[in-house]
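**Student:**
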Amino acid sequence: MPLFAIHCTDAPDHLAKRMEVRPRHLERLKALNEQGRVILAGPCPKNADDTAQGFYGSLLVLDFPDRASLDAWLAEEPYLLEGVYSQIDVKPFIKALP
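Structure (structure tokens):
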């Protein structure tokens, strides 16, 4: 199946909302991971040693059959629905390594 790189940008001053919504966000990603469709997923912290400073957003590389299926999945993403993400950018991705 095709891979997609999803770069998500956090809205300013949404750290508290991010932490509130995080369990729902992770639940969906864990379910997708159990299907073998998460290549990588994680936040982009402003300071890796002090995440209390907030996040720039997230980076996901996911395996979906097509862009329409990915878009349907993203339409239910809690971080997007709750305004944590102000923007998402999706591009096709080819894994070269490892």
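According to this note's numbering, the residues represented by the sequence shown are 803 to 900, in order.
Glycine included, every Cβ here is placed at the ideal spot set by N, Cα and C.
Is H816 helix, strand or coil when you go by DSSP?
**Tutor:** The answer is coil: DSSP assigns H816 none of H, G, I, E or B.
**Student:** Measure the beta-carbon distance from P804 to D852 and round it to whole angstroms, keeping in mind my assumption that it falls under 8 Å.
**Tutor:** Rounded, the Cβ-Cβ distance is 36 Å, inconsistent with contact.
**Student:** Quick check on DSSP: helix, strand or coil for K893?
**Tutor:** K893 falls in the strand class under three-state DSSP.
**Student:** Starting from A843, follow its DSSP beta bridges and name the residues at the other end.
**Tutor:** The partner list for A843 (beta bridge, DSSP) reads L862.
**Student:** Less than 8 Å between the CB atoms is what I'm expecting for L883 and I808, so what's the real figure, rounded?
**Tutor:** Rounded, the Cβ-Cβ distance is 15 Å, inconsistent with contact.
**Student:** How should L864 be labelled, buried or exposed, when 16 other C-beta atoms within 10 angstroms of its C-beta is the threshold for buried?
**Tutor:** With 16 or more other Cβ atoms within 10 Å, it is buried.
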